[in-house]
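Here's the structure we're looking at; comments come further down.
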Amino acid sequence: MKGMKLKARAIILAVVLLIAYFTFTTMAKKKVTVLYDGKVKTVKSNAKTVGALLKETGIYIGEKDKIYPDIDSKVKDGLAISIKRAVPVTIKVDGKELKVKSAEETVERLLQKEGIILNEKDKVLPTLNSMVKPNMEVKITRVEEKTIISSKIIPYKVVKKPNHDMLKGTSKVIQNGMDGILEITTKVVMEDGKIISTKKVGEAIKRRPIDKIIQVGTLGFFVPSRGSEPVAYVKKLRMKATSYTSSYECTGKRPGDPGFGRTATGTIARRNPNGFSTVAVDPDVIPLGTRLYIEGYGFAIAEDVGGGVKGDKIDLYFEPGTKEFRNWSTRYVDVYILR
Numbered sequence: 009m010k011g012m013k014l015k016a017r018a019i020i021l022a023v024v025l026l027i028a029y030f031t032f033t034t035m036a037k038k039k040v041t042v043l044y045d046g047k048v049k050t051v052k053s054n055a056k057t058v059g060a061l062l063k064e065t066g067i068y069i070g071e072k073d074k075i076y077p078d079i080d081s082k083v084k085d086g087l088a089i090s091i092k093r094a095v096p097v098t099i100k101v102d103g104k105e106l107k108v109k110s111a112e113e114t115v116e117r118l119l120q121k122e123g124i125i126l127n128e129k130d131k132v133l134p135t136l137n138s139m140v141k142p143n144m145e146v147k148i149t150r151v152e153e154k155t156i157i158s159s160k161i162i163p164y165k166v167v168k169k170p171n172h173d174m175l176k177g178t179s180k181v182i183q184n185g186m187d188g189i190l191e192i193t194t195k196v197v198m199e200d201g202k203i204i205s206t207k208k209v210g211e212a213i214k215r216r217p218i219d220k221i222i223q224v225g226t227l228g229f230f231v232p233s234r235g236s237e238p239v240a241y242v243k244k245l246r247m248k249a250t251s252y253t254s255s256y257e258c259t260g261k262r263p264g265d266p267g268f269g270r271t272a273t274g275t276i277a278r279r280n281p282n283g284f285s286t287v288a289v290d291p292d293v294i295p296l297g298t299r300l301y302i303e304g305y306g307f308a309i310a311e312d313v314g315g316g317v318k319g320d321k322i323d324l325y326f327e328p329g330t331k332e333f334r335n336w337s338t339r340y341v342d343v344y345i346l347r
């Protein structure tokens, strides 16, 4: 009898312990809410971590899905777990097309997560603060600015200088020329390795050109209509020759008037067929004091000026009332500038 009582007590104790165990385990389970794929699922679990709970409930987690709190977090009663699924995204960069999945919120975070480093000038479309969407295409254009320094030749000039001691048709180089160098600074903008714009931002002369100087002979000879000795000249002009005298009709002055009969250089106007006569010129064409030979007139000196004597015009002096003056008619003549 005693043995039967002990056995009955043992059975009762076991039942009590089993009930206590099930009661404890049931009471120990934590209520957790899982938000994923647009669904809300409430579960009870004794799992210690978020990762274990998700595995226990059979919810698949992709490699790049984002879980909050993370899978190593401890499970607490009333915990809410959210799962953000990674979506497919195409990233075009550096000539490559990358197919990735991402659960990041913005394009900026997406690129950071994928280890894509942006330079300061790079262009990103859509913008960095754009939200990541399924099947989005992100285009990164690499922008590079370069400063290029190039050189350009500055051609030297050829300067010809008259030499009145050298015969016409001859020349002599007295200084060799040298090209100069111009340094040009250009700003170049490139997108994905292609030049899209260039802008000159500066230039500086690194070496100035040196002129090439050539002496050119101007000395020629002619034989006057009177006389047989050749005469040297440095320039020949074709000019319109008019005539004037010291008369009132030509100068507006009478004998006794101040300056009557005198030239602009202060000399007395003269006609000397056997020497040098007076002529009026445009000083911008023939400097005063220049010795000349005028076809059909003879030797002369540029000593006078006149209001109507401009450009290729020359006014020849004659003595008033002479036959020579009356016979002279306006004509074009060769004028030789003597050496």
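Just add 8 to wherever you are in the sequence shown, counting from 1, and you've got our numbering.
Quick reminder that beta carbons are idealized off the backbone N, C-alpha and C, glycines included.
Excluding the five sequence neighbours on either side, which residues of its own chain have a C-beta within less than 8 Å of the C-beta of K165, listed in chain order? For the purposes of this step, residue 165 is taken as residue 157 along the sequence shown, with counting starting at 1. Contacts found: G185, P217, D219 and K220.
Reduced DSSP secondary structure (H/G/I, E/B, other) of A94: Mapped onto the sequence shown, residue 94 falls at position 86. Looking at A94 - three-state DSSP - the assignment turns out to be coil, as it is neither helix nor strand.
For A240, which beta-bridge partners are listed by DSSP? For the purposes of this step, residue 240 is taken as residue 232 along the sequence shown, with counting starting at 1. According to DSSP, A240 bridges with F229.
Quick one: grab the DSSP three-state call for E303. By 1-based counting over the sequence shown, the position of residue 303 is 295. In this structure, E303 counts as coil in the three-state DSSP scheme.
With a CB to CB cut of under 7 Å and the five nearest residues on each side skipped, what residues in its chain are close to G210? Position 202 of the sequence shown, counting from 1, holds the residue named residue 210. Close CB contacts of G210 within its chain, under the 7 Å cut and outside five residues either way in sequence, are with T193 (chain order).
Keeping to the same chain, check which residues put their C-beta closer than 7 Å to that of F326; ignore five residues upstream and five downstream. Taking the sequence shown and counting its residues from 1, one reaches residue 326 at position 318. If you ignore the 5 residues before and after F326, its C-beta comes within less than 7 Å of the C-beta of S251, T253, R279, E332, F333 and W336, all in its own chain and listed in chain order.
Taking the alpha-carbon of K104 as reference, which of L118, V40 and V146 has the nearest alpha-carbon? Here residue 104 refers to the residue found at position 96 of the sequence shown. Cα-wise, what sits closest to K104 is V146.
Buried or exposed (CB count within 10 angstroms, at least 16 for buried), F229: Counting from 1 along the sequence shown, the entry for residue 229 is found at position 221. F229 is exposed by the Cβ-count criterion.
Could you give the DSSP three-state label for R215: helix, strand or coil? Taking the sequence shown and counting its residues from 1, one reaches residue 215 at position 207. In the structure shown, R215 sits in a strand (DSSP, three-state: E or B).
At least three beta-carbon pairs within less than 8 Å, the region 196-207 to the region 149-161: Counting C-beta pairs closer than 8 Å gives three or more between the region 196-207 and the region 149-161, which meets the contact rule.
Distance between beta carbons of V224 and P295, contact taken as under 8 Å: On the sequence shown, residue 295 is found 287 positions in, with the first residue counted as 1. On the sequence shown, residue 224 is found 216 positions in, with the first residue counted as 1. Not a contact, Cβ separation roughly 20 Å.
Would you tell me roughly how many angstroms separate the C-alpha atoms of S179 and I345, rounded to the nearest one? What you label residue 179 is simply residue 171 of the sequence shown in a count that begins at 1. What you label residue 345 is simply residue 337 of the sequence shown in a count that begins at 1. Straight-line Cα distance between these residues: approximately 20 Å.
Let me know the secondary structure DSSP gives N171 once reduced to three states. Position 163 of the sequence shown, counted from the start, is the residue given in the question as residue 171. Strand.
Spatial neighbours of I276 within its chain, please: CB distance less than 7 Å, with the 5 preceding and 5 following residues excluded, ordered by chain position. For the purposes of this step, residue 276 is identified with residue 268 of the sequence shown, where counting begins at 1. For I276, same chain residues with a beta-carbon under 7 Å away, outside a window of 5 residues either side, are G269 and R270 in chain order.
For A308 and T286, which I take to be in contact (beta-carbon distance under 8 Å), what is that distance rounded to the nearest angstrom? Locating residue 308 in the sequence shown gives position 300, counting from the first residue. Locating residue 286 in the sequence shown gives position 278, counting from the first residue. Sure, about 7 Å apart at Cβ, within 8 Å.
Would DSSP call K331 helix, strand or coil? Numbered from 1 along the sequence shown, position 323 holds the residue referred to as residue 331. In the structure shown, K331 sits in a helix (DSSP, three-state: H, G or I).
Could you check which residue in K72, D323 and T50 has the C-alpha nearest to that of C258? Taking the sequence shown and counting its residues from 1, the one referred to as residue 258 is at position 250. Taking C258 as reference, the option from K72, D323 and T50 with the minimal CA-CA separation is D323.
What does I204 pair with, by DSSP beta-bridge criteria? The residue you call residue 204 lines up with position 196 of the sequence shown. Looking at the DSSP output, I204 bridges to nothing.
DSSP three-state label for G210, please. Here residue 210 is taken as the residue at index 202 of the sequence shown, counted from 1. DSSP places G210 in strand when its eight states are reduced to three.
Going by C-alpha distance, which of Y44, K49 and K56 is nearest K38? Stepping through the sequence shown from its first residue, residue 38 is reached at position 30. Cα-wise, what sits closest to K38 is K56.
Quick check on DSSP: helix, strand or coil for K47? Here residue 47 refers to the residue found at position 39 when the sequence shown is read from its first residue. Collapsing the DSSP output to three states places K47 in a strand.
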